[in-house]
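>
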Amino acid sequence: MRAAENDRIIIRGKTDSTPDRHGTIREVRGPEGEPPYLVSFDDGHETLVFPGTDFVVEHAR
Numbered sequence: 847m848r849a850a851e852n853d854r855i856i857i858r859g860k861t862d863s864t865p866d867r868h869g870t871i872r873e874v875r876g877p878e879g880e881p882p883y884l885v886s887f888d889d890g891h892e893t894l895v896f897p898g899t900d901f902v903v904e905h906a907r
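FYI, the numbering for the sequence shown is 847 to 907, going by the numbering used here.
#1: Which residues share a DSSP beta bridge with Phe901?
#2: If we ignore side chains and look at the alpha-carbon of each, how far apart do Tyr883 and Met847 end up?
#3: If we ignore side chains and look at the alpha-carbon of each, how far apart do Glu851 and Gly869 end up?
#4: My output table needs one value for Gly869: the three-state DSSP class, helix, strand or coil.
#5: Identify every residue that forms a DSSP beta bridge with Ser886.
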């Protein structure tokens with residue numbers, strides 16, 4: 847997986863009752879766009895993310 851600063855991310859909810867989480871990658875800490883990523887979520891929460899299979903990157907243009 848590769849991403850860049852300002853790419854949008856979606857972490858899919860694990861169940862029908864769990865909403866997706868949306869955020870923006872603020873910092874790429876791995877080499878050549880690889881994880882981990884510092885993500886600022888739309889709810890204001892910021893955390894270091896190691897993506898799993900429920901992680902989708904929407905590349906900034």
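Think of the CB as a built atom: it goes at the ideal place given N, C-alpha and C, for glycine as much as any other residue.
Straight from the coordinates:
#1: Ile857
#2: 11 Å
#3: 11 Å
#4: strand
#5: Thr870, Glu892
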